[in-house]
Structures are given as structure tokens and as C-alpha cells.
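End of the sequence shown = 451 in the working numbering, gap-free, step of one. What follows is a set of notes on a single structure, which appears directly below.
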Amino acid sequence: MARRGHSVRIYAPGGGRRSAPIEIRPSGVRVRRLRAVPVPLYGQYRWPVFPYLSLRGEGLSGADVIHIHSPGGVGSLGFLTARHYRTPLVGTFHTDLWAMRESLPQKWLVPLFFRCAWWFNLGLYWRCDRVTAPSRAAAEGLAERARKPFRLPIQIIPNGIDTDRFSPDRRDPDWRAQGGWDDRPVVTYLARWTRDKGIHRFLDAVAEARPRREFLAVLAGGGPEEAPVRERIAGDRRLRDRVRWVGPVAEEPKPSLLAASTIFVLPSVSDTGGIALLEAMASGACAVALRQGGPAEIVADGETGRLADPADPTALPRILTELLDRPEDRERLARAGLDWVRRTASVEVMTDRYLALYRAARDGVRVALPEEGGPVGSFRPGPTLPEPLNPRLLA
Numbered sequence: 057m058a059r060r061g062h063s064v065r066i067y068a069p070g071g072g073r074r075s076a077p078i079e080i081r082p083s084g085v086r087v088r089r090l091r092a093v094p095v096p097l098y099g100q101y102r103w104p105v106f107p108y109l110s111l112r113g114e115g116l117s118g119a120d121v122i123h124i125h126s127p128g129g130v131g132s133l134g135f136l137t138a139r140h141y142r143t144p145l146v147g148t149f150h151t152d153l154w155a156m157r158e159s160l161p162q163k164w165l166v167p168l169f170f171r172c173a174w175w176f177n178l179g180l181y182w183r184c185d186r187v188t189a190p191s192r193a194a195a196e197g198l199a200e201r202a203r204k205p206f207r208l209p210i211q212i213i214p215n216g217i218d219t220d221r222f223s224p225d226r227r228d229p230d231w232r233a234q235g236g237w238d239d240r241p242v243v244t245y246l247a248r249w250t251r252d253k254g255i256h257r258f259l260d261a262v263a264e265a266r267p268r269r270e271f272l273a274v275l276a277g278g279g280p281e282e283a284p285v286r287e288r289i290a291g292d293r294r295l296r297d298r299v300r301w302v303g304p305v306a307e308e309p310k311p312s313l314l315a316a317s318t319i320f321v322l323p324s325v326s327d328t329g330g331i332a333l334l335e336a337m338a339s340g341a342c343a344v345a346l347r348q349g350g351p352a353e354i355v356a357d358g359e360t361g362r363l364a365d366p367a368d369p370t371a372l373p374r375i376l377t378e379l380l381d382r383p384e385d386r387e388r389l390a391r392a393g394l395d396w397v398r399r400t401a402s403v404e405v406m407t408d409r410y411l412a413l414y415r416a417a418r419d420g421v422r423v424a425l426p427e428e429g430g431p432v433g434s435f436r437p438g439p440t441l442p443e444p445l446n447p448r449l450l451a
């Protein structure tokens, strides 16, 4: 958006107890990370500390649109800021808190917390001027759980990725050379290590797959299930022989890891969109996901990847075995997935859709809905307006 002449500010939780210095990126985007503390039992999420004080003097009264991407601390801050300045508010539903609750121990006040958080989640999105979701499954799930209909239909705007940054020719750093990996096919899991993301379902498939040729299973990321995962690997010879743990992966080396992957598996039951899945497909990996939620709308089974039945524990290891034993099929699916992402899931396509929505929110008009029965995210933007917007994006 900044490259198109729009002024963009991003506010997000920081990694420490103090606010980080304001970052001005080469594109002109202004990023401010607010002081925050880890959320108990789920340290990968952070909660801002007195964020309202940090925004004094930010000049947010001049924003055309405020866009929130979570119902958490910063999202709530965006909601209150929009209400205070009477600025149009766009909310994108990314995180299915109700599905995430299964990843934490159901004791003490955890169930009550998730129930209250989900009610708050619904209430916040219901009060937004425009609501979007990255998939039809996410939009329908949000609408069905609301106690009363949304004032305007939820817009489906699929996630987009940088198809220049994620491509099959990325080789720096060379993960195979650095990790001492041999020439075996690489099956990659890159997501939070939680039950809802399917870390144990992935390990089950790795242990039970029976291809004619051996393979490596790369575990990237981290999370609450790290201790049980390490224990499983240590106690299972099949996993010890196949699994390579690389830990959390920063954004800079991520494209080359995905480009080094033969197969990318996202066994999540809670994903609303699957950005990592799109990045892997753009990097030339063969995509495997579950027939559930947002990823099932990204992967066309047998055309751009494979989908496994989440209710069938034998489905994922069987698909892995088939893909590892049939390199021609695997490569055909990977090529088709790469072509599909480049045509329909680029960040440029997503930007066009959001700009049309921002203009509609600013001008108080309705924007065309996805075509009935058409592909998820099919979108007919309204007329292009020449004047730039001045959105402040709060994530």
C-alpha cells in the first residue's frame, strides 16, 4: 500500500517490557512495537502494557481507516481509537480462539477464559464497520456463532503473499548444507507446536509413513508442546531417524527453507487462512493439508496438492507415502500449486481487494460481495478512486 502512495502505520505488541524505537521501513511504512508481556500458558502471544499511553501524540485523528487483525490488546486499542475519532473500523477475523482452546490444559480458569475471550471476540467484530475473513469457512464460522446477524455481510478476502520473495530458486542459506542433510526428500512442518496446529498429527504421519525410500522430516517453530514433542522423538526410533529439529525460523531464512522442502504439511484444524501453506506452494513445495477450515479452500485435492480427512488417522501417513513414492505426481501437484498462487494469491491481488474495501468504508458505501457459487474470495471491487487513503493498520 505504501508503494501505491498510501500512508500506513502499523502498531503491534513488542518483544520486551519497553516500547521499541519506531521503525521506518524502506517502503515508508511506520512500525511501532508497544511494550508487552507474554500471555500465561501461551508465551508466543504477547499482551501490551498500558498501550493507550504509548499512542499519545500519534495523530491518529487523521486516519481514513483503522484496520484491526486481532481482538487482543492492540486490537482493542484500535477499536477504542476508532470509536474515539469516529474513524471507519475494519476488522479481519484470523484467529479461531474456540479451536485454540484445545491446545491448553482444561483446568483452573482456562475454559472460562476462552469462553469469555470468544464472547469478547464476537462482540468486537460485530461492532466493526466492515468485517473480513480469509476464507469462506472462517466467515461462516464467525457468522454462525454470533448471537445476531452482522450488519453487513462478512467479506471474504483471501490472504496474499509476496511471490517474489517466496519462490523455488531461493537457496540462501543452504539448509541442506548447513544441516548436514543428505539428498532424501524433505517433509516440512512450520507452525506453532500446539495440538490445534496438528504437531502430534504430523509426528504420527512421519512415524507411520512407509515409503520405499527414506525421507527427512523437518520440524520448524516452537510452542507449548515442545516438551512432549521432544519426549516423543526421544522415545520413538522411527522419529529419531527421520526428524530434524531446526527450531524457530526467522523471516529472512524462511523462503530458502520452504524452497528446500519437497512436501509441506499443514495438519491444522484451526487455521482460517494458511499463510505458511501459500508461502510453501509459492516456493515449489507440494502442499498437504486437512480437509477442514481455510487450508481446504487453498488446496484443490489432486490438482494443486493433497487433502487428508481429519477423522481418518490413516489418511495423512497414506498420502505422505503415496507422494514420496510417486515423484512425478508430487512434482505435477507442486507446479500446479505454484502457478495457482502466483495467479490468485499474490499480495498485489490482496491489496487491490482491501483498497476497494477501505474506500467503501471511508465513503460509507457497500462493496460487491463474492459471486454466489464462485471461488472463495472472488471479488468485484468498486470503481477506483484516485485520491490516496491514509489508513493506520493496527495488528
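All C-beta atoms, glycine included, are put in the ideal place defined by N, C-alpha and C.
Buried or exposed by the 16-neighbour rule on C-beta atoms within 10 Å, applied to residue i
| i | result |
| --- | --- |
| GLY303 | exposed |
| ALA290 | exposed |
| HIS140 | exposed |
| GLY330 | buried |
| GLU353 | buried |
| TYR67 | buried |
| ASP368 | exposed |
| ARG91 | buried |
| THR151 | buried |
| SER471 | Lying outside 57 to 451, the shown extent of the chain, residue 471 is not represented and no answer is given. |
| GLY429 | Note that GLY429 has pLDDT 33, beneath the 50 cutoff, so the model's placement of it is unreliable and no number is given. |
| SER126 | buried |
| GLY61 | exposed |
| VAL321 | buried |
| LEU389 | buried |
| GLU384 | exposed |
| GLU335 | buried |
| ALA233 | exposed |
| ALA306 | exposed |
| THR143 | buried |
Beta carbon proximity, residue i to chain C, threshold 8 angstroms
| i | result |
| --- | --- |
| TRP231 | The structure shown has no chain C; it contains just one protein chain. |
Residue i - containing alpha helix (DSSP H), residue span
| i | result |
| --- | --- |
| ILE354 | 351-354 |
| PRO373 | 371-381 |
| VAL405 | 403-419 |
| GLU335 | 331-338 |
| ARG286 | 282-291 |
| ARG201 | 192-201 |
| LEU111 | It is not in any alpha helix (DSSP H) - LEU111 carries neither H nor E in the DSSP assignment. |
| ALA173 | 166-182 |
Residue range of the beta strand (DSSP E) that includes residue i
| i | result |
| --- | --- |
| ARG89 | 86-90 |
| CYS342 | 342-346 |
| ARG186 | 186-189 |
Under the three-state DSSP convention, the category residue i falls into
| i | result |
| --- | --- |
| ARG142 | coil |
| TRP237 | coil |
| PRO267 | coil |
| ALA316 | coil |
| PRO82 | coil |
| PRO77 | coil |
| ARG226 | coil |
| HIS123 | strand |
| VAL105 | coil |
| VAL325 | coil |
| ILE217 | strand |
| ALA58 | helix |
| ILE5 | Since the displayed the chain opens at 57 and closes at 451, residue 5 lies outside it and no answer follows. |
| THR250 | coil |
| LYS204 | coil |
| GLY71 | coil |
| ALA392 | helix |
| PRO431 | At PRO431 the pLDDT is 34, less than 50, meaning the model places this residue with poor confidence; the figure from the coordinates comes in the next sentence. Residue state, collapsed to three classes: coil. |
| ALA306 | coil |
| PRO311 | helix |
| ARG422 | coil |
| ASP385 | helix |
| ASP260 | helix |
Assumed close pair residue i, residue j - CB separation to whole angstroms, cut-off 8 angstroms
| i | j | result |
| --- | --- | --- |
| VAL299 | LEU314 | The pair is not a contact, with the Cβ atoms about 18 angstroms apart (cut-off 8 angstroms). |
| ARG453 | PRO323 | One cannot answer for residue 453 here, as it falls past the ends of the chain, which runs 57 to 451. |
| LEU133 | PRO107 | 5 angstroms |
| VAL243 | THR318 | 7 angstroms |
| ASP292 | ALA263 | 6 angstroms |
| VAL355 | ALA345 | 5 angstroms |
| LEU153 | TRP174 | 5 angstroms |
| PRO77 | PRO104 | Going by Cβ atoms, the distance from PRO77 to PRO104 rounds to 16 angstroms, so no, they are not a contact pair. |
Opposing strand residues paired with residue i [DSSP bridges]
| i | result |
| --- | --- |
| LEU275 | TYR245 and TRP301 |
| LEU357 | The residue asked about is misnamed: residue 357 is Asp in this sequence, not Leu. GLY361. |
| PRO94 | ARG102 |
| GLY496 | Within the shown structure, residues of the chain are numbered from 57 to 451, placing residue 496 beyond reach of any answer. |
Any non-hydrogen atom of the ligand FMN closer than 7 angstroms to residue i Cβ
| i | result |
| --- | --- |
| THR151 | Of the ligands one can find in the structure shown there are none, so the ligand FMN has no counterpart to examine. |
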